[in-house]
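Read the structure below first, then the notes.
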Amino acid sequence: MKQFTKLTIAISILFLTFSCSKEEENNSLTPDQAKIKVQELINNAVVNDFPGLSISVKSNSYNYTLFAGKTNLTTNANYTTNTLNYMHSISKTFTAVAILKLKEQGLINLNSTINNYLAPTICNNITNGNIITVKQLLNMKSGIADYLDDPQFFIDAQTGVLPMPSSQILQYVYNRPAHFTPGSQYEYSNINYHLLALIIDSVTNENHHDYITNNIINQYDLTQTFYVPQYSSTTEPTNTVSSYSSSIIPNQTTDISDLQFGIVKSSIGDDGIIASTNDIAKFYKLLLQDKTLVNATSLAEMSAPDNTLGQSYYGMGLAFYRIPTGQLAIGHNGSGAGAAAEAWYFPEKGITITLATNIWSLDDNDPKIFKFYQLWDNITKLILEAK
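Numbering (full-length UniProt numbering), first residue to last: 1 to 387.
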């Protein structure tokens, strides 16, 4: 659920900070040598900073998954290729793909207002709820306040019953002032994708969990991917990591697995995917390189540039930024109370990289966050500069 704008700023700083020191070394590496170096990096990272890490890399000439550390610090269970990680806001790309598929089927018009698909009891209680379009939800231009900005959400998550029903999540945004006129500017808000999930519910003969599972996950053989909101089981899928926080108790690693699973099950549309890094890399390769998940028109709509945001912008469930060398990165990131992930396709290189860990912090100033970005920077440099 991490905000894209904060992440791209952090990544840009890291690329600028570390690019000069390793440029000569990285230019001399082959992909096989870079792979060895990446394994060394994650091995070192789990010694002091992260319980566990997994990374998957896909290109036309090579594919691999590397891992290190523990999925559970109590049982000492190791990360493997089958380990399932929380992907958090990477789930938004799945939701966007589902919406675009329904558009292709003639069931959704992106330019229609959301009151064509959602009940008056919802739209009448959201400021501008009767003039916001589906497209404005997709590209984060609705102006609706984010439910995560309400402190009561986190109080209720820790003290109340999980998962929360959609009706409770909506209460955190009902009748709150709009942040701007719909369509006039961009602001990342998780509630947009919650509403998109409800739209999927309204236009299909199945709920959005089943639609995403049947038409994306199963159809494209993502056998290690699960969408858990509306998931009937009360336990995580087999091989799911335990989740840890470095901020619930300062300077301590705290197991928050139950809280993590409960929040993710509550977060329809904007969160919800638990998967292996290999499956997520495969998903983005299918979408962005093979171009098989949606048709060409839909992919162009998802990728349409926003000239008001500069080189880093948000399309429809896809984020775009350029690293200092000028290479474009397309994908999404995700983070929550106890996990984080990066998933990006680099079209100039034809490479997709997914990295995940099972610890995170809700404190933006936590050194753990900087170390994760630093690790991501060093890994991507090794891979992208190998020849």
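In this text, a Cβ means the ideal position worked out from N, Cα and C, and glycines have one as well.
### Query
Should Asp290 be labelled buried (16 or more other beta-carbon atoms within 10 Å of its own) or exposed?
Reading the sequence shown from its first residue, position 290 is the one you call residue 290. Exposed, by the Cβ-count rule.
### Message
On the criterion of 16 or more Cβ atoms from any shown chain inside 10 Å, does Glu342 qualify as buried, or is it exposed?
### Response
Your numbering for residue 342 matches position 342 in the sequence shown. The residue is buried, with at least 16 neighbouring Cβ atoms inside 10 Å.
### Task
Please determine, among Pro229, Ile353, Asp255 and Tyr193, the residue with the shortest C-alpha to C-alpha distance to Gly272.
On the sequence shown, residue 272 is found 272 positions in, with the first residue counted as 1. The option with the nearest alpha carbon to Gly272 is Pro229.
### Query
Taking Asp279 as the reference, which of Pro305, Ala96 and Tyr227 has the closest Cα?
As a first step, residue 279 is located in the sequence shown; it is residue number 279 there, counting from the start. With distances taken between Cα atoms, Asp279 lies closest to Tyr227.
### Query
Do the CB positions of Asn85 and Val264 come within less than 8 Å of each other?
Within the sequence shown, residue 85 is the residue found at index 85, counting from 1. Within the sequence shown, residue 264 is the residue found at index 264, counting from 1. Cβ atoms of Asn85 and Val264: not closer than 8 Å.
### Query
Can you tell which of Asn333, Val57, Met164 and Trp360 has the C-alpha that lies nearest to the C-alpha of Ser91?
If you number the sequence shown from 1, residue 91 lands on position 91. Check the Cα spacing between Ser91 and each of Asn333, Val57, Met164 and Trp360: the tightest is with Asn333.
### Query
In the stretch 187-266, which residue ranges form an unbroken beta strand (DSSP E) of at least 3 residues, counting only runs that do not cross its ends?
225-227
### Query
Considering only residues of the same chain and omitting the five flanking positions on each side of Ser246, which have a CB-CB separation below 7 Å?
Indexing the sequence shown from 1 puts residue 246 at position 246. Closer than 7 Å at the Cβ level, and outside the excluded window around Ser246, lie Thr253, Ile359, Ser361, Asp366 and Lys368.
### Message
Could you compute how far the alpha carbon of residue 423 sits from the alpha carbon of Gly129?
### Response
Nothing about residue 423 can be reported from this structure: the residues present for the chain run from 1 to 387 only.
### Task
Name the two residues that bound the continuous beta strand (DSSP E) containing Leu84.
For the purposes of this step, residue 84 is taken as the residue at position 84 of the sequence shown. From DSSP, Leu84 is part of no beta strand (DSSP E); its letter is neither H nor E.
### Query
Tyr220 and Leu170: beta carbons closer than 8 Å?
Against the sequence shown, residue 220 aligns to sequence position 220. Against the sequence shown, residue 170 aligns to sequence position 170. No.
### Query
Taking just the CA atoms, how far does Tyr231 sit from Gln311?
As a working mapping, residue 311 is identified with position 311 in the sequence shown. As a working mapping, residue 231 is identified with position 231 in the sequence shown. Their Cα atoms are separated by approximately 38 Å.
### Message
Rounding to the nearest angstrom, what Cα-Cα distance links Ala275 and Thr83 in this structure?
### Response
Sequence index remark: in the sequence shown, residue 275 carries index 275 (1-based). Sequence index remark: in the sequence shown, residue 83 carries index 83 (1-based). For Ala275 and Thr83, the distance between alpha carbons rounds to 8 Å.
### Query
Do the stretch 149-158 and the stretch 110-120 touch if we need at least three Cβ pairs shorter than 8 Å?
The stretch 149-158 makes no contact with the stretch 110-120: fewer than 3 CB pairs, one atom from each, lie closer than 8 Å.
### Task
Have a look at Lys371 and Ser257 and give me their C-alpha separation to the nearest angstrom.
Indexing the sequence shown from 1 puts residue 371 at position 371. Indexing the sequence shown from 1 puts residue 257 at position 257. So the two alpha carbons sit approximately 22 Å from each other.
### Query
Using DSSP with H/G/I as helix, E/B as strand and the rest coil, what is Ala98?
Within the sequence shown, residue 98 is the residue found at index 98, counting from 1. In the structure shown, Ala98 sits in a helix (DSSP, three-state: H, G or I).
### Query
Between Arg322 and Ser56, what straight-line distance do the alpha-carbon atoms span, to the nearest angstrom?
Taking the first residue of the sequence shown as 1, we reach residue 322 at position 322. Taking the first residue of the sequence shown as 1, we reach residue 56 at position 56. Taking the straight line from one Cα to the other gives about 21 Å.
### Task
Could you name the residues that DSSP lists as bridge partners for Thr113?
Residue mapping note: residue 113 aligns to position 113 of the sequence shown, counting from 1. Thr133.
### Task
Return helix, strand or coil for Tyr62, following the three-state DSSP convention.
Your numbering for residue 62 matches position 62 in the sequence shown. The answer is coil: DSSP assigns Tyr62 none of H, G, I, E or B.
### Task
Could you spell out the range, first to last residue, of the beta strand (DSSP E) harbouring Glu348?
Counting from 1 along the sequence shown, the entry for residue 348 is found at position 348. Glu348 -> no beta strand (DSSP E), and no H or E assigned at all.
### Task
Take Ile217 and list the residues in its own chain whose beta-carbon comes closer than 6 Å to its own, dropping the five residues that flank it on each side.
The sequence position of residue 217 within the sequence shown is 217, counting from 1. Around Ile217: Thr225.
### Task
Consult DSSP for Ser298 and reduce its assignment to one of helix, strand or coil.
If you number the sequence shown from 1, residue 298 lands on position 298. Of the three classes helix, strand and coil, the one that applies to Ser298 here is helix, per DSSP.
### Message
Could you check whether the stretch 138-146 touches the stretch 180-189, counting it as contact only if at least three pairs of C-beta atoms, one from each stretch, sit closer than 8 Å?
### Response
yes
### Task
Buried or exposed for Pro182, please, with buried defined as at least 16 other CB atoms from any protein chain shown within 10 angstroms of its CB.
Within the sequence shown, the letter at position 182 stands for residue 182. Buried.
### Task
Verify whether the separation of the beta carbon atoms of Gly269 and His194 is less than 8 Å.
Along the sequence shown, one-based indexing puts residue 269 at 269. Along the sequence shown, one-based indexing puts residue 194 at 194. Taking 8 Å as the Cβ cut-off, Gly269 and His194 qualify as a contacting pair.
### Task
Kindly list the residues whose CB is nearer than 6 Å to the CB of Lys58, restricted to its own chain and excluding five residues on each side of it in sequence; keep chain order.
Here the question's residue 58 lines up with position 58 in the sequence shown. Ala281, Lys285 and Thr352, listed in sequence order.
### Message
Using a 10 Å radius around the Cβ and a threshold of 16 neighbouring Cβ atoms, would you call Val161 buried or exposed?
### Response
For the purposes of this step, residue 161 is taken as the residue at position 161 of the sequence shown. So Val161 ends up on the exposed side.
### Message
Could you compute how far the alpha carbon of Pro177 sits from the alpha carbon of Ile191?
### Response
Locating residue 177 in the sequence shown gives position 177, counting from the first residue. Locating residue 191 in the sequence shown gives position 191, counting from the first residue. Approximately 14 Å, taken between the alpha carbons.
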